[in-house]
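Engineer:
Residue numbers (our numbering): 115 to 342.
(1) For residue 229, which of helix, strand or coil comes out of DSSP?
(2) Is residue 278 closer than 8 Å to residue 244 when the C-beta atoms are compared?
(3) Measure how close the beta-carbons of residue 265 and residue 173 come, nearest whole angstrom, since I'm counting them as under 8 Å.
(4) Compute the Euclidean distance between the alpha carbons of residue 335 and residue 274, then round it to the nearest angstrom.
(5) According to DSSP, simplified to helix, strand and coil, what is residue 328?
(6) If the criterion is Cβ atoms closer than 8 Å, does the pair residue 261 and residue 221 meet it?
(7) For residue 302, which three-state DSSP category applies?
(8) Report buried or exposed for residue 199, applying the criterion of at least 16 other Cβ atoms within 10 angstroms of its Cβ.
(9) Quick one, are the C-beta atoms of residue 230 and residue 269 less than 8 Å apart?
(10) Note down, in chain order, each residue of its chain lying with its Cβ closer than 7 Å to the Cβ of residue 284, except the 5 sequence neighbours on either side.
(11) Taking just the CA atoms, how far does residue 164 sit from residue 287?
(12) If the criterion is Cβ atoms closer than 8 Å, does the pair residue 191 and residue 179 meet it?
(13) Under a three-way DSSP split, which group does residue 269 fall into?
(14) Run through DSSP, which three-state label would residue 333 get?
(15) Are the CB atoms of residue 159 and residue 232 within a distance shorter than 8 Å?
(16) Roughly how many whole angstroms lie between the Cα atoms of residue 247 and residue 177?
(17) Beta carbon of residue 251, beta carbon of residue 239: below 8 Å?
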């Protein structure tokens with residue numbers, strides 16, 4: 115766990131959304147389409163505003179929630195959504211190219227940019243406190259959380275990754291005969307060792323390659339024994 119003492123409070127606040135129960139109710143989801151700044155393909159995204167949101171009021175924090183490996187932004191996370199609403203935060207769920215079954219998904223440059231584009235859209239549309247933009251995800255969303263932390267650490271106040279994949283090559287070795295192995299080969303152009311180009315895809319899409327850049331980012335990594 116990378117956790118500079120000066121920023122400890124930021125990550126504690128972010129983690130509280132997972133660890134503190136909530137009886138609140140999340141607000142309505144708003145569906146938006148955000149064009150990619152790379153290829154102009156419109157990407158689906160959902161945004162949820164807290165009750166009594168004041169568009170002219172003080173800037174509010176933004177929580178970016180990333181979907182799982184085989185999912186997309188249609189996934190619902192009721193406790194997380196309600197937790198953000200209770201705290202007066204804006205909740206953002208980008209699609210970033212959907213399930214990890216094609217080259218444009220699974221940590222590609224386009225998928226990363228989709229998340230950045232969604233954050234920029236939110237900042238331009240609402241009064242966001244740019245010092246309090248948080249990132250979280252589980253499983254495949256944990257993979258993408260770690261990757262975005264390593265590739266774009268300056269965007270986030272803190273990040274929390276749950277049961278995320280850190281090394282795609284190692285994960286492929288474990289799941290080569292399963293649908294996860296098939297999905298990784300579809301994303302990366304083959305299996306590790308097939309070619310230098312394929313090996314490069316596995317490296318560049320693996321958080322382990324980039325996490326050295328996140329040493330100053332409050333980063334919580336939570337992993338169990340039954341996932342992955």
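All C-beta atoms, glycine included, are put in the ideal place defined by N, C-alpha and C.
Structural biologist: With the given structure in hand:
(1) Walking along the chain shown from the start, residue 229 turns up at place 115. Correct three-state label for residue 229: helix.
(2) Locating residue 244 in the chain shown gives position 130, where the first residue counts as 1. Locating residue 278 in the chain shown gives position 164, where the first residue counts as 1. Taking 8 Å as the Cβ cut-off, residue 244 and residue 278 do not qualify as a contacting pair.
(3) Against the chain shown, residue 265 aligns to sequence position 151. Against the chain shown, residue 173 aligns to sequence position 59. Wrong, their Cβ atoms sit about 25 Å apart, outside the cutoff.
(4) As a first step, residue 335 is located in the chain shown; it is residue number 221 there, counting from the start. As a first step, residue 274 is located in the chain shown; it is residue number 160 there, counting from the start. In a straight line, the C-alpha of residue 335 is about 6 Å away from that of residue 274.
(5) Along the chain shown, one-based indexing puts residue 328 at 214. Residue state, collapsed to three classes: helix.
(6) On the chain shown, residue 261 is found 147 positions in, with the first residue counted as 1. On the chain shown, residue 221 is found 107 positions in, with the first residue counted as 1. Yes, Cβ-Cβ distance for residue 261 and residue 221 is below 8 Å.
(7) Walking along the chain shown from the start, residue 302 turns up at place 188. Helix, per DSSP.
(8) Looking up residue 199 in the chain shown gives position 85. It counts as buried.
(9) Numbered from 1 along the chain shown, position 116 holds the residue referred to as residue 230. Numbered from 1 along the chain shown, position 155 holds the residue referred to as residue 269. Yes, the Cβ-Cβ distance between residue 230 and residue 269 is below 8 Å.
(10) Counted from its first residue, the chain shown places residue 284 at position 170. Once the five neighbours on either side are set aside, residue 284 has no close Cβ partner at all.
(11) Walking along the chain shown from the start, residue 287 turns up at place 173. Walking along the chain shown from the start, residue 164 turns up at place 50. Residue 287 and residue 164: Cα-Cα distance of roughly 43 Å.
(12) Along the chain shown, read from residue 1 onward, the residue named residue 191 stands at position 77. Along the chain shown, read from residue 1 onward, the residue named residue 179 stands at position 65. Against a cut-off of 8 Å, the Cβ pair of residue 179 and residue 191 comes out as a contact.
(13) Walking along the chain shown from the start, residue 269 turns up at place 155. Three-state result, residue 269: helix.
(14) Taking the chain shown and counting its residues from 1, one reaches residue 333 at position 219. The answer is strand: DSSP assigns residue 333 an E or B state.
(15) In the chain shown, counting from the first residue as 1, residue 232 sits at position 118. In the chain shown, counting from the first residue as 1, residue 159 sits at position 45. Yes, the pair counts as a contact, with Cβ atoms nearer than the cut-off.
(16) Counted from its first residue, the chain shown places residue 247 at position 133. Counted from its first residue, the chain shown places residue 177 at position 63. It is roughly 6 Å from the alpha-carbon of residue 247 to the alpha-carbon of residue 177.
(17) Along the chain shown, read from residue 1 onward, the residue named residue 251 stands at position 137. Along the chain shown, read from residue 1 onward, the residue named residue 239 stands at position 125. Cβ distance not < 8 Å, so residue 251 and residue 239 don't count as in contact.
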